[in-house]
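What follows is a single structure, written as structure tokens, with notes after it.
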Amino acid sequence: MADAEHVAILSRGVVAWNRWRQDNPDTVPDLSGANIKTKKLDGINFRGADLGCAMLPGAKLKGANLEGASLVGTDLMEADLRGAWFSRANLERANLMGADLKNADLQGANLEGAILYRADLEGTECVCNSLWFEMLMGFAGRLIDAGESDGEYYFDDVAGSFVENSFVTTRSCRLELELSEPVSTGLVYRVLGALNRLYSAAASEELTGPIIQIGSPGAEDDTASP
Amino acid sequence: MNRISFKGARNILEDFSVRFLSVGAERMPPSEEIRVRYGGVLGSIASRRSVELERLLDIVDFLLANGVGEESIVRMIEENDGDLAGLAGDAELLAVCCSNGTITDVKIFEE
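First to last, the sequence lines map onto chains A and B.
Take any residue in the first sequence, count from 1 to its spot, add 8: that is its number in the numbering used here.
Take any residue in the second sequence, count from 1 to its spot, add 14: that is its number in the numbering used here.
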């Protein structure tokens, strides 16, 4: 049974909730069994919270912190969980049908008996085809590859599965920039640095596999510097 | 030919290229919601750090659109506004390179 006071605080929105969490670090939020009406919960701090059997279908939980949260039997059907942090969360028997888990961190999360049928690890623009099967351990055996061509994965039956040290990543692509000639080496490296910092701020990882081709004999002059 | 390329997550790079590497195209403006929500506090950072407010809004919009939690954004604003200003400076550098012809073309290839 949820704590009425905690439900009331949540109804005031994410900012009020997160502030309350900050002011009450020792309080374990109890939202178990609550029918949570507030759907805009992007970035919320549910770390360690008890959300067992709570009703959150269609909730917007992008980037939410659900580390160590109890989500046993929680209804997260078609929830937006992109970038959510489920590290060590207990998602046993949670309903994640049709949920968008793109970029979600499921390290050490317990997904025993969770319903992941048609859980979308791809998203409309982001294809998730690198599930790092070797790290999905027992869970991997229950994956049904719906076809390499479209890069989608469907989950029919994950009863008894357990995800350990798993994470989800996205399909990679290569971004190529053509630069004017001549261009200074210094400027090339400034551009590289800018690209990498901007990318890693969003992706929590650095760009990989850099290829630099400086084809101009005048590459060392500064005429192209902005 | 001078060329640089990197590998990364497709969804982020696609968004990234539209926002920060639009060669010969109108820049994608930050959403109105971001402007309303963060305009005030980012305006202060822009003045203090001598960076363009628009660039700061671009950065926050980009981060939120790509799954960075609001909590992290608030923390960045409150505790690491220098990092935010640095990213705005990076976006500005790329914008200048796109407008002055240093970056002549941007392509994305499937890996």
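For each residue, glycine too, the CB sits at the ideal point set by N, CA and C.
- What are the partner residues of T216/A, as DSSP defines its beta bridges? Answer by DSSP bridge pairing, in chain order: K21/B.
- Message: When you compare the segment 32 to 48 of chain B with the segment 15 to 23 of chain B, are there three or more beta-carbon pairs, one atom per stretch, that lie closer than 8 Å?
- Response: no
- Query: Going by C-alpha distance, which of M42/B, N80/B, G54/B, G53/B is nearest L206/A?
  - Reply: N80/B
- Quick one: measure Cβ to Cβ for L69/A and L39/A, integer angstroms, because I've assumed they're closer than 8 Å. The pair is not a contact, with the Cβ atoms about 13 Å apart (cut-off 8 Å).
- Item | Inter-residue CB distance, V55/B and A102/B (contact presumed, cutoff 8 Å) | Rounded, the Cβ-Cβ distance is 14 Å, inconsistent with contact.
- Quick one: does T118/B have its CB under 8 Å from some CB of chain A? yes
- Message: If distances are taken between C-alpha atoms only, which option among S188/A, E75/A, A62/A comes closest to A87/A?
- Response: Closest option to A87/A, Cα to Cα, is A62/A.
- Query: Of the residues G66/A, G51/A, G71/A, G60/A, which one's Cα is nearest the Cα of A11/A?
  - Reply: It is worth fixing the name first, because residue 11/A is Asp in this sequence and not Ala. Taking only the C-alpha atoms, the option nearest D11/A is G60/A.
- Query: What whole-angstrom Cβ distance do C222/A and N16/B have, given they're in contact under 8 Å?
  - Reply: Cys is not the amino acid found at residue 222/A; the sequence shown has Ile there. Right, the Cβ-Cβ distance comes to about 5 Å (below 8 Å), so this counts as a contact.
- Assigned secondary structure, I222/A (DSSP; H/G/I helix, E/B strand, else coil): coil
- Query: What first and last residue would you give for the beta strand (DSSP E) that runs through R182/A?
  - Reply: Here the beta strand (DSSP E) through R182/A covers 180 to 187.
- Under the three-state DSSP convention, the category D31/A falls into: Here DSSP, grouped into helix, strand and coil, assigns D31/A to helix.
- Message: Just to make sure I have the definition right: I need the residues of chain A whose C-beta is within less than 7 Å of the C-beta of E84/B. Which are they?
- Response: V22, D50, G51, G71
- Residue interval of the beta strand (DSSP E) (run including V120/B): Going by DSSP, V120/B is part of the beta strand (DSSP E) stretching over 117 to 124.
- Item | Amino acids of chain B, ordered along the chain, whose beta-carbon sits closer than 7 Å to that of P235/A | Here chain A comprises residues numbered 9 to 234, so residue 235/A is not present and cannot be evaluated.
- Message: Quick check: what's the CA-CA separation for V110/B versus G81/A?
- Response: 52 Å
- Task: Return the bridge partner residues of N118/A from the DSSP annotation.
- Result: DSSP lists N98/A as partners of N118/A.
- What does D75/B reach in chain A if we use C-beta pairs closer than 9 Å? In chain order: nothing, as chain A lies at least about 11 Å away.
- Starting from the beta carbon of R69/B, find every residue of chain A whose beta carbon is closer than 8 Å, and list them in chain order. Within 8 Å Cβ-Cβ: nothing; R69/B doesn't reach chain A, min ~11 Å.
- Query: In this structure, does DSSP put I91/B in helix, strand or coil?
  - Reply: helix
- Message: So I122/B contacts chain A; which residues on that side make the cut at Cβ distance below 8 Å?
- Response: C181, R182, L183, E184
- Message: Please return the same chain residues whose Cβ sits closer than 6 Å to the Cβ of V32/B, not counting the five positions on each side in sequence.
- Response: M42
- Unbroken alpha helix (DSSP H) run spanning A209/A, endpoints: 193 to 211
- Which of the three DSSP states, helix, strand or coil, is assigned to S113/B? helix
- Answer with buried or exposed for R89/B, where buried requires no fewer than 16 other C-beta atoms within 10 angstroms of its C-beta. It is exposed - the Cβ of R89/B has fewer than 16 other Cβ atoms within 10 Å.
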